[in-house]
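Peer 1: Residue numbers (our numbering): 667 to 996.
Even for Gly, the Cβ is constructed at its ideal location relative to N, Cα and C.
Keep in mind that this is a model prediction, so the values were computed, not measured.
1) Hey, would you say the C-beta of residue 708 is under 7 Å away from at least one heavy atom of the ligand MN?
2) Measure the CB-CB distance between residue 972 and residue 820 and report whether it falls below 8 Å.
3) Since residue 901 contacts residue 812 with CB under 8 Å, what's their CB separation in whole angstroms?
4) Checking the sheet assignment: what are the DSSP bridge partners for residue 865?
5) Using DSSP with H/G/I as helix, E/B as strand and the rest coil, what is residue 874?
6) For residue 956, which three-state DSSP category applies?
7) Any idea what DSSP makes of residue 978, helix, strand or coil?
8) Note the first and the last residue of the continuous beta strand (DSSP E) segment covering residue 762.
9) Whole angstroms is fine: what's the gap from residue 759's alpha carbon to residue 836's?
10) Quick check: what's the CA-CA separation for residue 977 versus residue 939?
11) Could you give the DSSP three-state label for residue 674: helix, strand or coil?
12) Hey, how far is the Cα of residue 927 from the Cα of residue 691?
13) Please report how far the alpha carbon of residue 647 lies from the alpha carbon of residue 993, in whole angstroms.
14) Beta-carbon separation of residue 845 and residue 944 under 8 Å?
15) Rounded to the nearest angstrom, what separates residue 904 and residue 677 at their Cα positions?
16) Tell me, please, which residues DSSP counts as bridged to residue 792.
17) Which residues does DSSP list as the beta-bridge partners of residue 940?
18) Is the beta carbon of residue 895 less than 8 Å from the beta carbon of residue 975?
19) Return the chain-ordered ranges of every beta strand (DSSP E) run that is complete within the stretch 679-740 and spans a minimum of 3 residues.
20) Mind checking which residues open and close the alpha helix (DSSP H) that includes residue 754?
21) Please say whether residue 762 and residue 842 have beta carbons closer to each other than 8 Å?
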């Protein structure tokens with residue numbers, strides 16, 4: 667793991683106040699943080715009305731690091747209450763943060779939800795859940811969450827991922843690595859740019875895992891206009907179906923991603939912004955307490971209009987029957 671520092675953007679007092687006031691106004695106008703067409707319309711209006719200076723702080727990732735930490739948003743630990751035991755019981759806990767993340771997502775592009783995940787919410791609660799400690803999902807805890815691109819199985823996956831921290835007493839680290847920082851032979855890049863194996867839906871998508879149609883083989887790497895991009899989830903990639911040449915190249919890619927991995931221990935009020943076409947992310951293991959003090963993140967997904975960072979063939983994939991919903995279409 668590299669000792670490189672994480673790029674960050676420090677919000678000034680004006681930007682913090684502007685974002686906070688906008689979120690409070692939406693909550694007052696709509697009376698809830700539960701997303702609806704009216705709330706999403708109001709959020710888009712408020713995001714468009716933010717000052718140019720604030721919007722510049724909140725622009726998408728624009729370096730080969732593929733990520734940055736946005737710092738300075740407020741968290742009142744007494745107000746947000748205890749860390750929920752699971753997303754099912756979270757309700758509107760930390761509601762003001764749902765709206766702040768939606769505002770940030772709306773500045774960067776179009777907030778995106780999954781019809782079949784966390785009740786179709788546009789902002790997810792990421793907390794350790796009893797009985798799911800060893801899964802390869804955000805609800806796990808006691809195992810390493812393997813590096814992956816978010817929702818890699820689906821062509822409608824996010825371009826950008828936002829992870830906002832409400833609580834992290836134990837300084838549990840998110841891990842991240844950019845494909846633009848690895849060193850791979852051209853022959854490995856060419857091999858991994860072929861479509862030999864699928865990426866299967868993860869355990870958070872129960873219905874998708876029983877989808878009857880054939881699983882499409884997809885490339886792990888793609889040479890885009892501005893450099894390499896990747897689609898990567900080894901925990902759900904049946905590599906035994908690939909050629910020996912492909913498996914060896916995949917192992918070298920995994921080793922290189924490990925070599926350039928950085929560790930990001932988010933503090934309350936920080937938002938990690940990840941380019942999902944450049945960066946794999948994961949998490950170190952930890953022991954949950956389930957006493958209301960465990961790590962608590964909020965997650966939002968963003969699609970960027972007009973972005974061309976993926977192979978055109980993705981448009982023909984079935985997505986295992988899973989449906990993405992963009993805020994602009996609600």
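Peer 2: Reading from the atomic positions:
1) This structure does not include the ligand MN; it has no bound ligands of any sort.
2) Taking 8 Å as the Cβ cut-off, residue 972 and residue 820 do not qualify as a contacting pair.
3) Contact holds; Cβ gap of about 5 Å.
4) For residue 865, which the question treats as bridged, DSSP gives no partner whatsoever.
5) DSSP places residue 874 in helix when its eight states are reduced to three.
6) In this structure, residue 956 counts as coil in the three-state DSSP scheme.
7) The answer is helix: DSSP assigns residue 978 an H, G or I state.
8) Boundaries for residue 762: no beta strand (DSSP E) harbours it, while the alpha helix (DSSP H) harbouring it runs 761-774, taken from the DSSP string.
9) Roughly 21 Å between the two C-alpha positions.
10) For residue 977 and residue 939, the distance between alpha carbons rounds to 23 Å.
11) Three-state DSSP puts residue 674 in a strand.
12) The alpha-carbon atoms of residue 927 and residue 691 are separated by roughly 39 Å.
13) Not covered by the structure: residue 647. The range shown for the chain is 667 to 996.
14) Result yes, Cβ atoms of residue 845 and residue 944 sit closer than 8 Å.
15) Using only the alpha carbons, I get a separation of about 43 Å.
16) DSSP lists 963 as partners of residue 792.
17) Per the DSSP secondary-structure output, residue 940 pairs in a beta bridge with 733, 827.
18) In contact: residue 895 and residue 975 (Cβ atoms closer than 8 Å).
19) Counting only runs of 3 or more, we get 733-737.
20) Where residue 754 is concerned, the enclosing alpha helix (DSSP H) stretches over 753-756.
21) No, the Cβ-Cβ distance between residue 842 and residue 762 is not below 8 Å.
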